[in-house]
Amino acid sequence: MSADQDFFVIKAKEDGVNVIGLTRGTDTRFHHSEKLDKGEVMIAQFTEHTSAVKVRGNAVIQTSHGEVNTED
Ligand code: TRP
0 MSADQDFFVI
10 KAKEDGVNVI
20 GLTRGTDTRF
30 HHSEKLDKGE
40 VMIAQFTEHT
50 SAVKVRGNAV
60 IQTSHGEVNT
70 ED
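Last residue of the sequence shown: 71 in numbering that gives the first Met the number 0, with the numbers rising by one and none dropped.
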């Protein structure tokens with residue numbers, strides 16, 4: 000279980016930001032896409048199913064490694 004793993008936070012700065020989860024393992028593919036509107040926040044983890052996340056659109060991403068903004 001991964002309930003004790005770090006969380007990361009994505010805050011949308013515009014409507015229609017996409018948060019895309021990519022699968023863990025030899026086959027790296029999209030498995031989930033979440034659409035956030037301006038001001039919406041998603042709190043998530045890396046899990047046994049999700050090894051990478053792609054953020055498309057204007058957003059702020061906070062992790063234990065720091066904060067990063069996608070480009071406008
Ligand atoms: N069912 C997915 C999982 O357990 C849910 C998920 C976790 C997810 N972290 C994510 C989806 C990040 C998109 C982005 O792995």
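Backbone N, C-alpha and C fix where the C-beta goes; we use that ideal spot for every residue, glycine too.
Quick caveat: nothing in here was measured; it's all calculated off a predicted structure.
Within 10 Å of its beta-carbon, does residue i have 16 or more other beta-carbons around it, so buried, or fewer, so exposed?
{"i": "Gly-20", "result": "buried"}
{"i": "Ala-58", "result": "buried"}
{"i": "Ala-11", "result": "buried"}
{"i": "Val-16", "result": "buried"}
Would residue i and residue j qualify as a contact pair, given that the criterion is a beta-carbon distance under 8 Å?
{"i": "Phe-6", "j": "Ile-42", "result": "yes"}
Does residue i come out as helix, strand or coil in the three-state DSSP assignment?
{"i": "Gly-17", "result": "Looking at the sequence provided, one finds Asn at residue 17 rather than Gly. Three-state result, Asn-17: strand."}
{"i": "Gly-38", "result": "coil"}
{"i": "Lys-12", "result": "coil"}
Measure the beta-carbon distance from residue i to residue j and round it to whole angstroms, keeping in mind my assumption that it falls under 8 Å.
{"i": "Thr-25", "j": "His-48", "result": "That pair is no contact at about 14 Å."}
{"i": "Val-18", "j": "Leu-35", "result": "6 Å"}
Original post:
Does the region 21-30 come close enough to the region 60-69 that 3 or more CB-CB pairs lie under 8 Å?
Top reply: no
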